[in-house]
Each structure stands twice: as structure tokens, then as C-alpha cells.
Amino acid sequence: MDEKVEEKSSEDNCKAYEIGCIKDLGKFLIAKKKIEAGDVILVDSPVISGPKCTKDEYICVGCCKTIDDEDQRCLACGWPLCSADCPSLTVHSAECQILKLCPTKAGDYFSNDILMILRCLLLQTTQKDKWGVIISWDDHLQDKNTSKDFLKKIQEKCTFIEEIYIKPLKAQEKISGKPLLPRASKDVIQKVCAILHKNLMECDNRQILYPLASLLEHNCLPNCLEFIQEKNNYNIIVKAVTTISKGDHITLSYTNILCGTQERRRHLKELKDICCFCQRCKDPTEFNTFLSAMICFGTEEDACKGVQLPQNPIEENPKWICNKCDIKLPNKDVLKFVHHLNKEVSKELKKNPSYDEVNEFMGKLQLFLHESHYLVNKVKYQLIQCQENGREDEQLKWCQELLDIVRKIDPYKARLGLYISTLLTKQFESKRELLLQSFSPDQKENSLTLIKELRNILTENKDLLTFLCKFNDEESLLKKNSEHEVILREWLMEQSILIDFN
Ligand SMILES: [Zn+2]
Ligand SMILES: [Zn+2]
Ligand SMILES: [Zn+2]
Ligand SMILES: [Zn+2]
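Numbered per our numbering, the sequence shown spans residues 702 to 1203.
Dropping the structure here:
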């Protein structure tokens, strides 16, 4: 434990969390008292921030805006800069002196993770208090759970920085006598590399390190939601989305929870060298959603058609077993096959296919994958978005299937609020279409069930969007929902149908 935890002020006493620490897991936040859904747990300001890592675009090293003209560069170091008057130019001035030691040519790929490491190292001369915070963290390089791939990645970055920037810098410092980086040994660089790799968070074009929020643990069923305020210096607000009992870990999710367990765990490993052992990761059925389930081919004599699931999903190479026959699949074969199908899905959806083509493709996928496999769901979601007259029944069925799944994997709407809202909007539009088709003024009572369903969808969506608006700026969706409500109410009035809306 570092000093930060031990120095308890009166302010600390009213905080809802405290910092816990376990060997091989590191620091995390834990609820000091019962926390209710909607409570703000903490507000935190960045220690450092900078452009995110991307090979697809140029991002200004000052203000982090995307640059359209790739020739817009800093005249001194050649890194992307929106203009000589960039409002955040000052953040770049110190690192520019190091970056210019290795002039870049047009078309170079700018490795923003290297930039962030240099920016962080420079805090030791530019902002000593912030440097103190970062360097006091544990880098976990010695932990038994730290993977070889992660160590290799860190060492490669470190060697690159030493060779390209630190060596020429030291030579220059010898001449000038003014050290820019007093502490730049291999150990220090490695430590900064590892801390940044594990703790940076992303928002828009930025990656940001927070002194507290970066310590929040990952869980595939998180109990909190984070909201980064671009308009307020990128401060982060962390709110509870469900009741958190005293002693529970406070968690966020750092991966796409619509994906199956193997894909999430692969992503987390690569992103932050995290091994997740949450409830969902341990459950082969992923809360009975069957998001990763494969169809069993059986043998030549017996096609089986049972469901293959990993026996113990948190093992490195779990065995896949069938619920009907004895056939077992090696994990690497399943991974390879799913990887292949994933590529096929992306390829198919990029082709701008017709509704029927996508539908046929989804049928083919279901020969191999369970009907609620996450890749099938991805295609289903695409089909739901299409405006396809006469297919309302089909689309409604899929909407319902996807809603059932997301309610299981994200019951507190911590991650998928917008996804759910989109489904509810589509559900409303399709049902309204069905109502208009089947409505007969002489037999209004036959439509009452459908009308009530429509009202309930609007109410659910309104509640959801109001909840999301508290965290984020989703007002346009809320407006659309209100418009739907107004139109439905007017129509009901025209038809002299009385329905209570509240
Ligand atoms: Zn700029
Ligand atoms: Zn520069
Ligand atoms: Zn998990
Ligand atoms: Zn089988």
C-alpha cells in the first residue's frame, strides 16, 4: 500500500470506496459501504492524456483532433499537428525536443503509445507531483500471471525508445549539460510502459490515465458505468448501475460484452494483459444465452445437431463437449473456425447485400453456429436495422431474441443501453406497422393488446433513455421516442381509444 491510502482525511471518510490490494491482482477499488444504483462513486481528472493508437488516421498530438491533411505536421519534429495555433500546443513542447531527435518522413506511422511513454517520462521534469503518482504504482512485471507475450511487448517498446530517443538524448544532454530526463533507465522506461499499457482508458481520439479510475477492475458483468466528459477536461464520472454491497469490488467493462467468452478473453489479454474470471466467463452457457455455442456435426452416420460448449471456459485450452453425443472438439479447431466465420461475416456485411441475401447468409451460419451465437446475432442486428416492408413479423421475432439476450448479459444496462434502445425503437416501429395493417375502426377492441404493447415499449424506452441521459448526451434518441409517443397518442385520440400512458 502506498502513502495515498494511508493518509486518511475527513474527505476520505465520506468516500464510498477504498483501495484494496492483492498480490498478483494489484490495486482495485472496493465498496466501503452499501452503494445504490445511480450513486456517483468517484469523479477523477486525467494525470496525462494524448492521441490514441491508430494506423487508420492522423491525430493531432496537441488537441487530439483527426487531421484530414496528412501534411499538417509540427515543423520541429514532424509529428501530426492540426496547426501552429493548436489550442493544446503546450502539451507538446517538451516531448517535441525528444521527438525531433528522430525526424520522421511523410507517410510514417506515428506510434502514439511511444509518444505517451515519452510524455509520461517527461512529467518528472514538468509536473513532479503527477510523476510521483504514476511511479508509485506497481508495474506487475514480476507477477506470476503476467504473460510472456505482454513482457515481450513491453521489452520491445522499451528497446525501441532507448535506441531511437534516449541514446541521442543522453548524447545531447552531455553537450548542453541540461538533463531533460534525469530518470530514464531501462527499469524506469519498462515500468512506465507497463503501467500505461495496463491502465490507459480510451475516449474518442484520446487515451487517458486516471489516478483512481484507472484502477477500476474489469468484469464482464460490471456494476458501474463510466462517463468521460469531453467538455470538462476529460474528467471521468463513475456511477453505480446496481446496488453494490459493502466489500464488493467496483467494476467496469473494458471489452465488447456482445462477444462470446473466448473472444472477450482474447481481447482483454491483448489489451491490458487481463485474465477475467468473472461469473459469465466461468459459465459455459454465458447466463443461458449460448453466445458461444457451436452446432455438433456428429459423425457420418449420425449428424447429431447437438450443442457444443466449452467444458471449462476459463481454462487456457478448454475441451468442447456436446450435450448429445461423445464427440469432443479441441479448442484450437473451434477458435480457428470461429475466426474464419467472423471474417466471412465482415466480408458479407461489407458487400452492401440485400435483405434476402443477408437472411440467406444467416441461415448458412446457423448450420455451424447456435441460433444465438454472437456472430449470428451480429447478422441478425443488421437485418433488424433494414427497412423491409412485409417482414415485420420476422424482424419482431429477432428483436425479441436479441432483447432477451442483452437483458441476461447486461441486466443493469451498464454497456448496452443504446443497443437496447435501438432494438426497442425498431420493435415499436414494426409493431406500429402491424397495428396499422390490422386495425379496423369497427373492431377496435381487437387491437387493444397491441396498442398496450406499443405503449409499454415507449415507456420502457423512455425510462432507459432518461437513465442514459443522466450519464451521457442521448437526447436525440429521447426526442425520437417522444415523437413516437405524440404520434401514437394523437392517433389513439382520432380513433377515440382511451389508453392510460403513465
Ligand atoms: Zn491540434
Ligand atoms: Zn513537435
Ligand atoms: Zn469475464
Ligand atoms: Zn454431438
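Where is the CB? At the ideal position from N, CA and C, for every residue including glycine. Predicted, not measured: the structure shown is a model, and the values here were computed from it.
- Within the model, the alpha-carbon separation for Pro869 versus Gln798 is close to 11 Å.
- With fewer than three CB-CB distances shorter than 8 Å, the stretch 1015 to 1033 does not count as touching the stretch 1041 to 1059.
- When the alpha-carbon of Lys766 is set against those of Gln908, Phe1069, Gln856, Phe861, the nearest one is in Gln908.
- Ranked by Cα distance from Ser1197, the first of Thr1150, Cys787, Glu1146 is Glu1146.
- Between the stretch 768 to 788 and the stretch 928 to 947, the count of C-beta pairs closer than 8 Å stays below three; the two stretches do not touch.
- A distance criterion of 7 Å places the beta-carbon of Lys1025 in contact range of ligand 4, judged by its closest non-hydrogen atom.
- Between the alpha carbons of Gln873 and Glu987 lies a gap of roughly 57 Å.
- Given a length threshold of 4 residues, each whole run of the alpha helix (DSSP H) inside the stretch 866 to 941 is given here in chain order: 868 to 877, 887 to 900.
- The C-beta of His898 has 16 or more other C-beta atoms within 10 Å across all chains shown, which makes the residue buried.
- Three or more pairs of CB atoms, one per stretch, sit closer than 8 Å, so the stretch 911 to 919 contacts the stretch 745 to 760.
- For the stretch 978 to 1035, the full-length beta strand (DSSP E) segments reaching 3 residues or more read 1008 to 1011, 1021 to 1023 along the chain.
- In this structure, Leu1155 and Lys1132 form a Cβ contact; the two beta carbons are roughly 6 Å apart against a cut-off of 8 Å.
- Looking at Leu1189, Gly739, Cys859, the one whose alpha-carbon comes closest to that of Cys1170 is Gly739.
- With 16 or more other CB atoms across the displayed protein chains lying within 10 angstroms of its CB, Asn1162 is buried.
- CA-CA distance, Thr956 to Asn1043, rounds to 17 Å.
- Closer than 7 Å to some heavy atom of ligand 2: that describes the Cβ of Cys775.
- When secondary structure is reduced to three states using DSSP, Ile818 falls in the helix class.
- Here Ser1139 has Asn1147, Ser1148, Leu1151 as same chain residues with Cβ atoms under 8 Å from its own Cβ, once five neighbours each way along the sequence are excluded.
- For Lys1109, same chain residues with a beta-carbon under 7 Å away, outside a window of 5 residues either side, are Phe988, Asn989, Thr990 in chain order.
- Here Glu1058 has no same chain residue with a Cβ atom under 7 Å from its own Cβ, once five neighbours each way along the sequence are excluded.
- Taking each of Leu953, Leu1166, Ser993 in turn and checking the Cα distance to Cys977, the smallest one comes out for Leu953.
- In the same chain as Gln1096, and ignoring 5 residues on each side of it, the C-beta atoms closer than 6 Å to its own belong to Ile1085, Ser1131, in chain order.
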